Amino acid sequence: MNFASGSIPPVPGAGLLDSFSVHPVAWAAMIELYHVNKDYGRGNHALVDINLAVEKGEFVFLTGASGAGKTTLLRLLFREELATSGKILVNGMNVSTLSAGKVPFLRRKIGVVFQDFKLLAKRTVFENVAMVMEITGAPRKEQRRKTFSVLEMLGLNHKVRSHPLELSGGEQQRVAIARALVNEPVLLLADEPTGNLDPDLSRDILDLFKVINIRGTTVLVATHDRDLIARVGKRVITLDCGRMLSH
Amino acid sequence: MFRHTLIEALLNLWRNRFMNLVAAFATAVSLLVLGLFLLLAHNLSRLVAQVGSEVSMSVYLRADASDEQRDRILDSLKGRAEVASSEYLSREAALEKFRRLFPALREVAESLEENPLPASVEVHVADGHREPEELRRFAQELKSLPGVEDAAFDLPWVTRLRELVTTSRVAGVALGGVLGMAAILTITSVIRMSIYSRQQEIEILRLVGATRTYIAAPFLLESSLLGILGGGLSLGVLYALHRRVAASPAELVPILHDLLASSFLPQTTSALLLLVGLAAGVLGGALSLRKISL
């Protein structure tokens, strides 16, 4: 599916999407943004009239120079910030009108890989990853099984007892990815996931995202690394000074 | 969830043990002051109860009261609920008592041509009828009986004691309240520091989908435990003080002995002290979490 820049996909019955958790019927959308603006005041427009749709199971790159609004867009998706205007649907949930009490449950469906990893230095690799399952109240046995399984998939099974600061940048990045994946999210958001890594490691991480995508998770990767994007050959959304340029 | 809350709360208590001890001590001091006043009030009311049991009333008969009037007065007293027992004291018996009580004044009594003392009835007031207002009404009623000159009772002493009990309770609650506020503020600051020191962890928990309850519960439990610890400490120190005074000779400072060592706080009041500590902890925790976005 290919959408023209700045246009809303021609969805039959799109007006019905106003209500919470109404899911589009004609096509399965994971992310929908309608006329989304984000202002930080004093003429600082982080995002201007963004319209876009990402299908379930898609792999999409979000690119643009530093300050283009990539991180802001990701933060809007997991409700770390609220849009100034416009509507955002994630997995059928209207993020803009979601009550504070329901935000955690949206976040549990989304795995986020942060640019600065956001790992807890005082906790082991295992604890950093298992923590995400613990907050959902999953039984301890299941927590252990899934945490070990995801760490094994990422080649970290020999580092379970290490602390983040004892690991290399690439290993820390993989722990952050493991944490984002352990809850089997429907959507994976990654903010400059290869920003701190050498080219070989960057390729490995990208390959990993492709595998995750093949398994059914929708992946949205924000990066300014054009070489990486060219190598993978997936849909690209470009932001420039808060405006969307192309798909 | 409960396991996580308990482990995190205990870990937090241990991580910031110095500050936590300060907070627990601050709570303990406030509750100790409150407890001390409650103990004083408790023993004072016991004292009042004892003194109150000795409340008696003297009904003085007129010099010209007839035997008939006297008998009617005695009869009417017998039927009254306010009267535990009564005893008639004739003029001669009164003089005899005077001589016995004041031997030095014996000669004065002998020199008198006429016995100046009136006949009287000593009334011991029954339990449950010792309220000053009731006593006053009863005395007024007796005064109006034919043949009665006056009816007097030792009210001022009882009233003053009762007032002292009320005053010490109010003073305890007021002082305890002010110091309690200080304790709540201390707990609030300590928990807030504990929250700040874990800001990064809280942020990450939030981002990966932890609910507000999941994040806040350990801090609330931590503050509640601090409050209970403070309450327990104050109760312990108060009991130690009570035992210490009880073990010392009563003659040293008799009033202190009476008011601190006669009896310890009843269980319900002790539990109340712990509850106040818990409330201070919960309030302190809630206040510290109020302005923090979770």
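Quick mapping for you: the protein sequence lines, in order, are chains Y and E. Sequential numbering of the first sequence, starting at 99, is according to this note's numbering. Sequential numbering of the second sequence, starting at 10, is according to this note's numbering. Every residue, glycine too, gets a C-beta built ideally from N, C-alpha and C. Here the structure is a predicted model, which is why all the values come from computation and not from measurement.
(message) Considering only DSSP beta bridges, list what residue 96(E) is partnered with.
(response) Taking the first residue of the second sequence as 1, we reach residue 96(E) at position 87. Note: residue 96(E) sits in a beta bridge opposite 131(E).
(request) Rank 145(Y), 200(Y) and 132(Y) by C-alpha distance to the C-alpha of residue 222(E) and give the top, closest one. (result) For the purposes of this step, residue 222(E) is identified with residue 213 of the second sequence, where counting begins at 1. Cα-wise, what sits closest to residue 222(E) is 200(Y).
(request) Quick one: list the residues of chain E neighbouring residue 205(Y), beta-carbon separation under 9 Å, in chain order. (result) Start at 1 with the first residue of the first sequence, and residue 205(Y) comes out as number 107. The contacting residues are 215, 216, 217, 218 and 219.
(request) Closer than 7 Å by beta-carbon distance: list the chain Y residues that pair up with residue 223(E), in chain order. (result) Taking the first residue of the second sequence as position 1, residue 223(E) is located at position 214. Here the neighbours are 233.
(message) For residue 136(E), report the span of its beta strand (DSSP E) as first-last.
(response) In the second sequence, the residue the question calls residue 136(E) occupies position 127. Here residue 136(E) belongs to no beta strand (DSSP E), and DSSP marks it neither H nor E.
(message) Going by the DSSP bridge assignment, what does residue 192(Y) pair with across the sheet?
(response) If you number the first sequence from 1, residue 192(Y) lands on position 94. 187(Y), per the DSSP bridge assignment.
(message) Can you look up residue 25(E) in the DSSP assignment and give me helix, strand or coil?
(response) The residue labelled residue 25(E) in the question sits at position 16 within the second sequence. Of the three classes helix, strand and coil, the one that applies to residue 25(E) here is coil, per DSSP.
(request) Measure from the C-beta of residue 202(Y) to each C-beta in chain E and report whether the shortest distance is under 7 Å. (result) For the purposes of this step, residue 202(Y) is identified with residue 104 of the first sequence, where counting begins at 1. So yes, residue 202(Y) belongs to the interface.
(message) To be precise: take each residue of the stretch 196-215 of chain E, compare its Cβ to all Cβ atoms of chain Y, and keep it if any distance is under 9 Å. Which residues remain?
(response) 209, 210, 212, 213, 214 and 215
(request) Tell me, please, which residues DSSP counts as bridged to residue 136(Y). (result) As a first step, residue 136(Y) must be located in the first sequence, where it is residue number 38. According to DSSP, residue 136(Y) bridges with 145(Y).
(request) Compute the distance between the beta-carbons of residue 181(Y) and residue 134(Y), then report whether it is under 7 Å. (result) Position 83 of the first sequence holds residue 181(Y). Position 36 of the first sequence holds residue 134(Y). Going by C-beta atoms, residue 181(Y) is nearer than 7 Å to residue 134(Y).
(message) Using the Cβ count rule (16 or more neighbours within 10 Å means buried), how would you classify residue 213(Y)?
(response) For this step, residue 213(Y) is matched to residue 115 along the first sequence. Residue 213(Y) is buried by the Cβ-count criterion.
(message) Considering Cα atoms alone, identify which of 196(Y), 260(Y), 308(Y) and 267(Y) is closest to residue 332(Y).
(response) Against the first sequence, residue 332(Y) aligns to sequence position 234. Nearest C-alpha to residue 332(Y): 308(Y).
(message) Less than 7 Å between the C-beta atoms of residue 259(Y) and residue 222(Y), yes or no?
(response) As a working mapping, residue 259(Y) is identified with position 161 in the first sequence. As a working mapping, residue 222(Y) is identified with position 124 in the first sequence. Yes, these two residues count as a Cβ contact at 7 Å.
(message) Quick check on residue 138(Y): buried or exposed, where buried means 16 or more other Cβ atoms within 10 Å of its Cβ?
(response) Numbered from its first residue, the first sequence carries residue 138(Y) at position 40. Exposed is the call here.
(message) Once DSSP output is grouped into helix, strand and coil, what is the label at residue 282(Y)?
(response) Here residue 282(Y) refers to the residue found at position 184 of the first sequence. Residue 282(Y): coil per DSSP, three-state reduction.
(request) Kindly indicate which residue of 314(Y), 262(Y) and 291(Y) has the alpha-carbon position closest to the one of residue 326(Y). (result) On the first sequence, position 228 is the one that residue 326(Y) refers to. It is 291(Y).
(request) Examine chain E for any beta-carbon lying closer than 7 Å to the beta-carbon of residue 337(Y), and answer yes or no. (result) As a working note, residue 337(Y) is residue 239 in the first sequence. No, no contact with chain E.
(message) Using beta carbons (cut-off 7 Å, strictly below), is residue 216(Y) in contact with chain E?
(response) Your numbering for residue 216(Y) matches position 118 in the first sequence. Closer than 7 Å to some Cβ of chain E, the Cβ of residue 216(Y) qualifies, so yes.
(request) Could you check what DSSP says for residue 64(E) in three-state terms: helix, strand or coil? (result) For the purposes of this step, residue 64(E) is taken as the residue at position 55 of the second sequence. Correct three-state label for residue 64(E): coil.
(message) Please classify residue 99(Y) as buried or exposed, where buried requires at least 16 neighbouring CB atoms within 10 angstroms.
(response) Sequence index remark: in the first sequence, residue 99(Y) carries index 1 (1-based). With a pLDDT of 37 at residue 99(Y), under the threshold of 50, the predicted position of this residue should be treated as unreliable, and no value is reported.
(request) Kindly list, in the order they appear in chain Y, the residues whose Cβ is closer than 7 Å to that of residue 10(E). (result) By one-based count along the second sequence, residue 10(E) stands at place 1. Chain Y residues near residue 10(E): 235.
(message) Run through chain B and tell me which residues come within less than 9 Å of residue 178(Y), C-beta to C-beta.
(response) The structure shown contains no chain B; its protein chains are Y and E.
(request) Could you tell me which chain E residues have their CB closer than 8 Å to the CB of residue 230(Y), listed as they occur along the chain? (result) Translated into the one-based positions of the first sequence, residue 230(Y) becomes position 132. Under the 8 Å cutoff, chain E gives 217 and 218.
(request) Note down, in chain order, all residues in the stretch 303-337 of chain Y with a beta-carbon under 7 Å from any beta-carbon belonging to chain E. (result) none
(message) Within a Cβ cutoff of 6 Å, which residues of the same chain sit near residue 35(E), ignoring the five residues on either side of it in sequence?
(response) Mapped onto the second sequence, residue 35(E) falls at position 26. So the list reads 192 and 195, once near-sequence residues are dropped.
(request) Check the C-beta distance from residue 274(E) over to residue 47(E) and give it rounded, since I have them as a contact under 8 Å. (result) The residue given as residue 274(E) occupies position 265 in the second sequence. The residue given as residue 47(E) occupies position 38 in the second sequence. About 6 Å separates the two Cβ atoms, so the contact holds.
(message) I need the DSSP call for residue 179(Y), collapsed to helix, strand or coil.
(response) On the first sequence, residue 179(Y) is found 81 positions in, with the first residue counted as 1. Three-state result, residue 179(Y): coil.
(request) Give the DSSP-derived three-state secondary structure of residue 162(Y) in the structure shown. (result) By 1-based counting over the first sequence, the position of residue 162(Y) is 64. DSSP places residue 162(Y) in coil when its eight states are reduced to three.
(request) Look at residue 133(E) and residue 67(E) and say whether their C-beta atoms are less than 7 Å apart. (result) Your numbering for residue 133(E) matches position 124 in the second sequence. Your numbering for residue 67(E) matches position 58 in the second sequence. No; because the gap between Cβ atoms is not below 7 Å, this pair is not in contact.
(request) With DSSP as the reference, label residue 219(E) as helix, strand or coil. (result) For the purposes of this step, residue 219(E) is identified with residue 210 of the second sequence, where counting begins at 1. Reduced to three states, the DSSP call for residue 219(E) is coil.
(request) Let me know if residue 256(E) comes out buried or exposed under the rule of 16 or more other beta-carbons within 10 Å of its beta-carbon. (result) Residue mapping note: residue 256(E) aligns to position 247 of the second sequence, counting from 1. Exposed is the call here.
(request) Use the C-beta contact count for residue 116(E): other C-beta atoms within 10 angstroms, 16 or more gives buried, fewer gives exposed. (result) To locate residue 116(E), count along the second sequence from 1; it is residue 107. Its Cβ having fewer than 16 others within 10 Å, residue 116(E) is exposed.
(message) Looking at the secondary structure, which residues open and close the alpha helix (DSSP H) in which residue 294(E) lies?
(response) Here the question's residue 294(E) lines up with position 285 in the second sequence. Segment 276-299, the alpha helix (DSSP H) holding residue 294(E).
(message) For the beta strand (DSSP E) containing residue 258(Y), name the first residue and the last one.
(response) For the purposes of this step, residue 258(Y) is identified with residue 160 of the first sequence, where counting begins at 1. Element bounds for residue 258(Y): n/a, residue is neither H nor E.
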